[in-house]
Every structure is written in C-alpha cells, then in structure tokens.
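Below is one structure, written out as structure tokens, with a few remarks after it.
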Amino acid sequence: MALHFERSEFDARRDRLIIEMAEKKLDAILLFAQESMYWLTGYDTFGFCFFQCLVVKADGSMVLLTRSADLRQARQTSIIDNIVLWTDRNGANPAVDLRNLLNELDLLGARIGVEYDTHGLTAFNGRRLDEQLQTFGQIADASGIVGRLRLFKSPAEIAKAEKAANLSDDALDAALPLIKQGGDEALILAAMQGAIFAGGGDYPANEFIIGSGVDALLCRYKAGRRKLTKNDQLTLEWAGVFNHYHAPMMRTVLTGKVSKRHQELFDAARAALLAVEKAMTPGNSFGDVFDAHARTMEAHGLTKHRLNACGYSVGARFTPSWMDMPMFYQGNPEPIAPNMTLFAHMIIMDSDTETAMTLGRTYLTTESQPKPLSRHDLDLIVQ
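Numbering follows the working numbering, in which position 294 of the sequence shown is assigned residue number 310; successive positions increment by one, without gaps.
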C-alpha cells in the first residue's frame, strides 16, 4: 500500500471532517474533488476525469464509486476498503449507480452534502446527479468543507511542503547556468523539471510557466520554445512537488544589461512582496495581504500593470491547477492563521514598454511573521 502518511494522520483528518458534518447536520457528504479524496484517504489518481464519488457517512464510514480502471489504484494508494464499480457501457449513467448506492447505505431522505465546486464534477454530471437526488433527500452544497480543512496543514504536511520547496530551489539552481544569450527555453524547462524528478518529486498540477521576450509578459503556459537573446527577460513560474504537495516560486530573470524600466519594476515587486510578508500574519485577512500589495503598486505608479490577485493557498492539488483557495484578493475576509502554506506572487506586466517583472515564493505562516520556504534571496537575477 503506497500511503504517504501514517494511518493516525488519516484518522485525525476523518475525525475533523465528521465534526464539520455534525455542525452542518449532514448525514453524508459526496466528495468529487480529487484533492479531497487524497487528503482524506490517500487515494491517488487522475481518474476524476470520469465520474467518481467518495461517499462519507456521519459515522466516518466510506464507500468509493468508481470505474474498473481505478479499482486497483484505490486499493493500492488509499485506506478505502469498500469500493463499488459502475460499468462503462452505452448509455451509462453513473449518477443512477450513485443513487442506488446511497439507497443501499440507508440514506434515503437523509441530509446529504455535495461537493459541487470542483473539476471532479462537470456541469453535465452535476445535472445528472441533481436529477437523481432531487427527490431522494435534502441536498446541500458542501463544496468548501474539505477545502477549508485542508487549508490548515499538519506537521506531516508541512514536512511535505518543505521538501517541495527544496525541490523548487533545486529547479532554479539547475536552470540558472542555462539562462544566457543563446540559451534554449526547452533545455531550461527540461533541467527544471528534471531536477524535481531526480529529487523524488512529482508532476505539478499544472504546467510550468516559461516565456521570454514579449512572452515574458504571460503568466500562463503556452506551447512553443524560444532561444534567449543578449538582453532578454525570462519569466518562470514553477513548483517543486512532493507527494502532490506544491511549493510554487516565481522569477523574472534577465540576461545582459538591466534596463531602467526593469530595475524600476523589480524595486516595486520586491517592496510589494516585503509588504505582503509583513501583512501575512494572524490578525490580518487574505484581503489585507492583497491590500498591502495594491498599496505598494499604487505608490510606484503601477496599478494598471498589476493583477487583481497576488497569491493563494497551496498544498496537495491535482490537474488542472496547483492554485488552491483561498486567494489574496480585495475584500477576502478569510483570516490568516498559523500553519498555512501560502504562495505570494508579485506580477508586473508593462505592456506599454513590453517589460515584465515577477517575484514570488511560498511561505509557511506562523504565530508571527511568515517563514519563507525558499533558500534563495530576493535579489534581482541577472545572467
């Protein structure tokens, strides 16, 4: 069995979920988010691209409904004992299989929470689910329950995040010698991903972001590679990943001579990140952290070049994105508390001059100031 945590850790997580379910008077919860299943049981798969559901009852008992391709996956990666299969066939409607399973579990007429807000439940399958459950019991949206439990990391999870951050640093170390005039983005990307794999890490939940020249102003992955020129800019956003726990980092690295505009944007990005660090303490909210970012950008005359969010929670995530909730955006009331792993990114994209600058790293929150999980400093990197 390929479990990455002690059984006692999973028991503690289950108990936390049971308490939340009791407070919300739920007789059962239907989990569709892969990260929820992984956190609760260790179940590790990309099979959530098809219909699957983990049913958790108020007494803590669990049943997984999935396809035959994931039967052994669940057995070998999770603590789930009871696995029920729905059969691939023409006209199959696994929502009917789920309703029948819930009936067998004596949940007819029960109050059932559904994890709707997840890539693991498409709109199509959500509609089929609602059709089957509308007369079955009292249905409630339970989307945020497990997600909020995952926000607060245990000591064992923090160790995973710290290992992931070490791998992030290793990836940057592997990339730097290749970032120079004539350097190939393909080789840079291969070196970064290779360093993480060589260190025992995993695939990330989304692609690394790499772009130079005018493409350095992008903050999403796109296909196509380029070679660096004498005076160039290369934006990188990547994450070390260990047992699916992510520690993203972000940098814009320069080659050749530093332009006046690059220096101005870097000074603003560094000042903003330090302001964000200062705000990332208990007593403040996620919205307060964003406000620290926004005020600094405004002071540097960069409001129109910044984004409307400056980071988010990170942890064990699955495709299509390592971004987790909550996010740093205006007015977010979620309090900062100890034992969160949070990624803060300062992204300045000046399209007027085609100048990019980014700076970001992952932090562990504490009772006071956050702890950066990267061993690298915040100096501007010029190759």
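All residues carry an ideal CB built from backbone N, CA and C; glycine is no exception.
Quantities reported herein were computed from a predicted structural model and do not represent experimental measurements.
{"Check": "When Arg333, Pro336, Asp283 and Asn222 are compared against Gly317, the one with the closest alpha-carbon", "Outcome": "Asp283"}
{"Check": "For Asn98, the three-state DSSP class (helix, strand or coil)", "Outcome": "coil"}
{"Check": "8 Å Cβ cutoff met for Ile226 and Cys235", "Outcome": "no"}
{"Check": "Under 8 Å between C-beta atoms of Ile155 and Ala187", "Outcome": "no"}
{"Check": "Phe306, buried or exposed, once every other Cβ within 10 Å from all chains shown has been counted against 16", "Outcome": "buried"}
{"Check": "Identity of the residues DSSP links to Trp338 by a beta bridge", "Outcome": "In DSSP, Trp338 forms no bridge with anything."}
{"Check": "Coil, strand or helix - Asn300 by DSSP", "Outcome": "strand"}
{"Check": "contact_flag[the segment 112-132, the segment 146-153] where n(CB pairs < 8 Å) is 3 or more", "Outcome": "yes"}
{"Check": "Meets three-Cβ-pair contact criterion under 8 Å: the segment 287-297 and the segment 378-386", "Outcome": "yes"}
{"Check": "Run of the beta strand (DSSP E) containing Asp366, from where it starts to where it stops", "Outcome": "Thr357 to Asp366"}
{"Check": "Contact set for Gly63: own chain, Cβ-Cβ below 8 Å, skip 5 residues either direction", "Outcome": "Thr82, Arg83, Ala85, Asp86 and Gln89"}
{"Check": "DSSP state of Leu323 mapped onto helix, strand, coil", "Outcome": "coil"}
{"Check": "Alpha-carbon spacing of Met400 relative to Ile45, whole angstroms", "Outcome": "Lying before the first or after the last residue shown, residue 400 is absent from the chain, which here runs from 17 to 399."}
{"Check": "Beta-ladder partner(s) of Ala207, from DSSP", "Outcome": "DSSP output for Ala207 lists no bridge partner at all."}
{"Check": "Same chain only: Cβ atoms within 8 Å of Ala202, ignoring 5 sequence neighbours per side", "Outcome": "Arg241"}
{"Check": "Pick from Asp157, Ala74 and Ile95 that is closest to Leu19, judged by C-alpha positions", "Outcome": "Ile95"}
{"Check": "Three CB pairs or more closer than 8 Å across the segment 269-287 and the segment 325-340", "Outcome": "no"}
{"Check": "Span separating the alpha-carbon of Thr61 from that of Gln197", "Outcome": "41 Å"}
{"Check": "Ranges of the beta strand (DSSP E) found wholly within the segment 169-236, counting only runs of at least 3", "Outcome": "225-228"}
{"Check": "Contact between the segment 264-280 and the segment 360-373 (3+ Cβ pairs under 8 Å)", "Outcome": "yes"}
{"Check": "Contained beta strand (DSSP E) runs [length at least 3] in the segment 74-131, N- to C-terminal order", "Outcome": "78-82, 99-101 and 127-130"}
{"Check": "Residue range of the unbroken beta strand (DSSP E) whose run includes Asp31", "Outcome": "Element bounds for Asp31: not the beta strand (DSSP E) but the alpha helix (DSSP H), Arg23 to Glu39."}
{"Check": "Near the ligand ZN: Leu183 beta-carbon under 7 Å from a heavy atom", "Outcome": "Inclusion of the ligand ZN in the displayed structure is not the case, the ligand content being empty and no account of it being possible."}
{"Check": "Buried versus exposed, by CB contacts within 10 Å (16 or more), Lys238", "Outcome": "exposed"}
{"Check": "Where Thr151 falls: helix, strand or coil (DSSP)", "Outcome": "coil"}
{"Check": "N-terminal and C-terminal residue of the beta strand (DSSP E) that Leu165 is part of", "Outcome": "Careful: Leu165 lies outside any beta strand (DSSP E), inside the alpha helix (DSSP H) at Ile161 to Leu167."}
{"Check": "Of the listed residues Asp304, Met365 and Leu118, nearest to Pro342 (C-alpha basis)", "Outcome": "Asp304"}
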